[in-house]
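Asker:
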Amino acid sequence: MGTATSSGFDTEALRRGIEGQDASALLSLYADEAEMRVVDRNTQPSHPKVMHGREQIREMLDDVYSRDMTHKLEQCVIQGDQVAFTESCQYADGTRVLANSMMSLRDGKIVDQTVLQAWDDTEQ
1 MGTATSSGFD TEALRRGIEG QDASALLSLY ADEAEMRVVD RNTQPSHPKV
51 MHGREQIREM LDDVYSRDMT HKLEQCVIQG DQVAFTESCQ YADGTRVLAN
101 SMMSLRDGKI VDQTVLQAWD DTEQ
């Protein structure tokens, strides 16, 4: 991965933010009017969790990256103004989470993101 692409998006900043659990660094990649949708075991596709604007996105990032867990950027693909990436996470108790994101960019900033999360089944 290079540090910047023709889209102007900084993939190394994305990696540093995710793996360094730096919510502020990640927030700097979003446009002011960005929207994020999360679909997981608690928020189904017909009723995703939707955050509008950097303040709501900041609250979610602060929550996620303050948890006792590790984060790793596995893959990142950029095509034009579209970015897709896979993030693997593991809680201290061994529970794993895999998150795939698809993002749209404008002027190198994230304006739209959909996150699909799959969690280990802890009900075993």
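Heads up, the sequence shown is in full-length UniProt numbering, so the first residue is 1 and it goes up one at a time. Backbone N, C-alpha and C define an ideal beta-carbon position, used for all residues, glycine too.
(1) Could you please give the first and the last residue of the uninterrupted alpha helix (DSSP H) stretch that includes Asp63?
(2) Can you grab the Cα-Cα spacing for the pair Met102 / Asp112, in whole Å?
(3) So, do the stretch 72-82 and the stretch 23-38 have three or more beta carbon pairs nearer to each other than 8 Å?
(4) In angstroms with no decimal places, state the Cα-to-Cα distance between Gly17 and Ser104.
(5) Quick one: residues in its chain with C-beta nearer than 6 Å to the C-beta of Thr86, no 5 flanking neighbours on either side, listed in chain order?
(6) Return the bridge partner residues of His71 from the DSSP annotation.
(7) Closest to Ala34 by CA distance: which of Asp121, Ala92, Glu55 is it?
(8) When the Cα of Lys109 is compared with those of Asp68, Val83, His52, Leu98, which residue comes out closest?
Answerer: On the basis of the supplied data:
(1) Within the sequence shown, numbered from 1, the residue matching residue 63 stands at position 63. Here the alpha helix (DSSP H) through Asp63 covers 53-65.
(2) The count along the sequence shown starts at 1 and reaches residue 102 at position 102. The count along the sequence shown starts at 1 and reaches residue 112 at position 112. Roughly 8 Å between the two C-alpha positions.
(3) no
(4) Against the sequence shown, residue 17 aligns to sequence position 17. Against the sequence shown, residue 104 aligns to sequence position 104. Approximately 18 Å between the Cα atoms of the pair.
(5) Looking up residue 86 in the sequence shown gives position 86. If we look at Thr86 and ignore the five residues flanking it on each side, its Cβ neighbours are Glu74, Gln75, Asn100.
(6) As a working mapping, residue 71 is identified with position 71 in the sequence shown. Cys89, per the DSSP bridge assignment.
(7) As a first step, residue 34 must be located in the sequence shown, where it is residue number 34. If we check each option's Cα against that of Ala34, Glu55 comes out closest.
(8) The count along the sequence shown starts at 1 and reaches residue 109 at position 109. Considering only alpha carbons, the answer is Val83.
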